[in-house]
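The structure appears right after this line, and notes come after that.
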Amino acid sequence: MSNFDDDYSEDEFTEQESRTNPVRARMKQLEKENREKDALLAKYAETEKKLNFMEAGIDTSDPKFKYFLKGYDGELTPEAIREAALEAQLIAPTESVVDTDKNAWRETNRIAAGAESSPPPKGWIQRINDADSEQEMMSIFAEAQAQGIDLSNI
45 MSNFDDDYSE DEFTEQESRT NPVRARMKQL EKENREKDAL LAKYAETEKK LNFMEAGIDT
105 SDPKFKYFLK GYDGELTPEA IREAALEAQL IAPTESVVDT DKNAWRETNR IAAGAESSPP
165 PKGWIQRIND ADSEQEMMSI FAEAQAQGID LSNI
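My numbering puts the first residue of the sequence shown at 45, with every later residue one more than the last.
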């Protein structure tokens, strides 16, 4: 090694250069700032991409989505990403895309369950007590007689 390498470190050389050529020193400073800003911009773009993937319903930490995340080159909106993931069969369709027959069966079951929960019909004695007129009472007796029920001993 030469005495030059031993006597001067790079920082000392830069300091000497900046004293002799201030334009070159400022240029180096701007280049360094530019590199830092480029790194921040790349980090921001990667973070924004991951956020859009997460909004689309894709777990970015799951290894099975690793290649999809790296290889996706479409539009970076959650809707477009979700469509591409559905097309690649990486995620299941959401409820709105699911078969409408399922929804129809659910509705039918809900209605049937509601019909079973209705109160039981009133008994004969309750109906007679609630009757407002003699004619309504006579129709209750006639109905009971038609069904083979004897209400005369009540």
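Backbone N, C-alpha and C define an ideal beta-carbon position, used for all residues, glycine too.
No experiment lies behind these values; they were computed from the predicted model shown.
Under the three-state DSSP convention, the category residue i falls into
i: THR104; result: coil
i: MET45; result: Reliability fails at MET45, whose pLDDT of 49 lies under 50, so the model's placement of it is uncertain and the value that follows must be treated cautiously. Looking at MET45 - three-state DSSP - the assignment turns out to be coil, as it is neither helix nor strand.
i: LEU95; result: helix
i: SER196; result: coil
i: ASN65; result: coil
i: GLN73; result: helix
i: GLN191; result: coil
Neighbourhood of residue i by C-beta distance below 6 Å, restricted to the same chain and skipping five residues each side
i: LYS87; result: none
Member of the options whose CA lies at the smallest distance from the CA of residue i
i: GLN133; options: PHE109, ASN96, THR144; result: PHE109
i: LEU26; options: ASN65, PHE112, LYS81; result: What the structure shows of the chain is the stretch from 45 to 198, and residue 26 is not part of that stretch, so it cannot be assessed.
i: ILE125; options: PHE185, GLU92, ILE172, VAL67; result: GLU92
i: ALA136; options: ARG68, LYS76, ASP103; result: ASP103
i: ASN197; options: ILE169, GLU178, LEU120; result: ILE169
i: GLU99; options: ALA188, MET182, GLU123; result: GLU123
i: GLY167; options: ARG154, LEU195, PRO66; result: LEU195
Cβ-Cβ separation, residue j to residue i (assumed contact under 8 Å), whole Å
i: ALA128; j: GLY115; result: About 10 Å; that fails the 8 Å criterion.
i: ASN96; j: LEU120; result: 5 Å
i: PRO172; j: ILE184; result: A small fix is needed here, since residue 172 is Ile in this sequence, not Pro. At roughly 6 Å, the Cβ-Cβ gap stays under 8 Å, so ILE172 and ILE184 are in contact.
i: LYS175; j: MET181; result: Note that residue 175 corresponds to Ala in the displayed sequence, not to Lys. Going by Cβ atoms, the distance from ALA175 to MET181 rounds to 4 Å, so yes, they are a contact pair.
7 Å CB neighbourhood of residue i in its chain, flanking five on each side removed
i: GLN179; result: none
Cut-off 8 Å between Cβ atoms - residues of its own chain near residue i, not counting five sequence neighbours on either side
i: LYS94; result: THR104, LEU113
i: ILE155; result: none
Unbroken alpha helix (DSSP H) runs of length 4 or more, entirely within the stretch 109-178: which are they? 110-115, 122-131, 144-160, 168-174
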